[in-house]
Amino acid sequence: MHKLCVVIPMKDPAFSKQRLSPHLPASVRKALAIKLFKKTIMSLNGAFPQWQKLVVTPSLYIADLATSLGCKVIFEAKGSNLNTALTQATEWSMTQGFSHQLILPADIARLEEKELNSIAALASGDTSVVIGSAYDGGTNALCTTPPNAIGFAFGKSSSYEHHQAALEKGLKCVTVQPKYLSQDIDHPDDLRHVNDVVDSLIA
Numbered sequence: 098m099h100k101l102c103v104v105i106p107m108k109d110p111a112f113s114k115q116r117l118s119p120h121l122p123a124s125v126r127k128a129l130a131i132k133l134f135k136k137t138i139m140s141l142n143g144a145f146p147q148w149q150k151l152v153v154t155p156s157l158y159i160a161d162l163a164t165s166l167g168c169k170v171i172f173e174a175k176g177s178n179l180n181t182a183l184t185q186a187t188e189w190s191m192t193q194g195f196s197h198q199l200i201l202p203a204d205i206a207r208l209e210e211k212e213l214n215s216i217a218a219l220a221s222g223d224t225s226v227v228i229g230s231a232y233d234g235g236t237n238a239l240c241t242t243p244p245n246a247i248g249f250a251f252g253k254s255s256s257y258e259h260h261q262a263a264l265e266k267g268l269k270c271v272t273v274q275p276k277y278l279s280q281d282i283d284h285p286d287d288l289r290h291v292n293d294v295v296d297s298l299i300a
């Protein structure tokens, strides 16, 4: 049994990237979300074949795609938000006996093996919570030992919220902001990180 489970939450791509709607048509936003998701899974498969990948999603299309890429899949409960979906995934990680869990979004422009190795190395010691902070104060990576070490507070300023949750439980916590892992695709300015991808989808 692998000790680390990577959880990748993925909403229905038809409803992804809503904040980019003034800049990209719906068809391109959907295609971009799918392309970034596939790139994320394939990067993880290539660099970390020993890690279990678990996708939590409401989308049958994403579930089929994830399965074809070798991931385990669970469907999030109807009416779930991101944090409740991640709690579902964490329950699965616990029942499967994983000692560590790493939550990663599906829209990181560039996953670097060195950055993820660094986070995993921090979690392999006595650090219960490792936070990869996004440039805007969100959380782009969250490694917890055990998987249910803290509750989830993804959303605005979640890096701070996760840090506080660890402190309140008396857990050792480290926050890092890796160069590439801190960059996701949520706002119009973020599109500069994937201009080549967007151009290929529009062409």
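Residue numbering for the sequence shown follows my numbering, starting at 98 and increasing by one per position.
Positions of the beta carbon are idealized from the N, C-alpha and C atoms, including for glycine.
Residue range of the beta strand (DSSP E) that includes residue i
i: Ala238; result: 236-241
i: Lys169; result: 169-172
i: Thr272; result: 270-273
i: Lys132; result: No beta strand (DSSP E) holds Lys132; the alpha helix (DSSP H) holding it covers 123-144.
i: Ile105; result: 101-106
i: Ile200; result: 197-200
i: Gln149; result: 149-154
Spatial distance of residue i from residue j (CA atoms)
i: Ala186; j: Asp109; result: 17 angstroms
i: Glu174; j: Leu157; result: The sequence shown places Ala at residue 174, rather than the Glu named in the question. Going from the Cα of Ala174 to the Cα of Leu157 covers about 13 angstroms.
i: Leu239; j: Ile138; result: 17 angstroms
i: Glu212; j: Lys276; result: 8 angstroms
i: Met98; j: His197; result: Because the pLDDT of Met98 is 38, which lies under 50, any placement of that residue in the model is unreliable, and the question is left without a value.
i: Ser254; j: His260; result: 10 angstroms
i: Ser165; j: Phe145; result: 17 angstroms
i: Lys100; j: Asp233; result: 30 angstroms
i: Lys135; j: Cys168; result: 11 angstroms
i: Glu258; j: Ser215; result: 22 angstroms
i: Leu264; j: Val125; result: 41 angstroms
i: Ile131; j: Ser279; result: 20 angstroms
Rounded Cβ spacing between residue i and residue j (contact assumed at less than 8 angstroms)
i: Cys102; j: Leu151; result: 6 angstroms
i: Ile247; j: Ala262; result: 4 angstroms
Pick from the options that is closest to residue i, judged by C-alpha positions
i: Val170; options: Leu141, Glu258, Ile105; result: Ile105
i: Gly304; options: Asp223, Thr241, Gly222; result: One cannot answer for residue 304 here, as it falls past the ends of the chain, which runs 98 to 300.
i: Leu129; options: Ala182, Phe145, Ala203; result: Ala203
i: Asn142; options: Glu209, Cys270, Leu183, Thr192; result: Glu209
i: Leu268; options: Ala123, Met191, Ser190, Val226; result: Val226
i: Pro243; options: Gln147, Ser221, Gly252, Ala250; result: Ser221
i: Phe251; options: Ile131, Leu219, Leu183; result: Leu183
i: Thr192; options: Leu278, Leu264, Val125, Asn245; result: Asn245
i: Val153; options: Ser190, Leu264, Pro122, Leu278; result: Ser190
Contacts around residue i, its chain only, beta-carbon distance under 7 angstroms, and the 5 residues preceding and following it disregarded
i: Ala111; result: Lys127
i: Thr272; result: Ile228, Ser230, Ser256, His260
i: Asp223; result: Lys269
i: Leu179; result: Pro106, Phe251
i: Ser140; result: Leu208
i: Lys266; result: Ile247
Other residues of its chain near residue i: CB distance less than 8 angstroms, five sequence neighbours each side excluded
i: Ser177; result: Pro155, Gln185
i: Asp281; result: Pro202, Asp204, Ile205, Ala206, Ala231, Gly235, Asn237, Asp287
i: Ala217; result: Leu101, His197, Leu199, Cys240
Residues near residue i in its chain [Cβ-Cβ closer than 6 angstroms; skip 5 each side]
i: Ile159; result: Met107
i: Gln274; result: Ser230
i: Phe249; result: Asn180, Leu183
i: Ala219; result: The sequence shown places Leu at residue 219, not Ala. Within the same chain, Leu219 has close Cβ partners Val227, Val271.
Residue range of the alpha helix (DSSP H) that includes residue i
i: Leu213; result: 210-220
Distance cut-off 7 angstroms: residue i Cβ against heavy atoms of the ligand MN
i: Leu219; result: Inclusion of the ligand MN in the displayed structure is not the case, the ligand content being empty and no account of it being possible.
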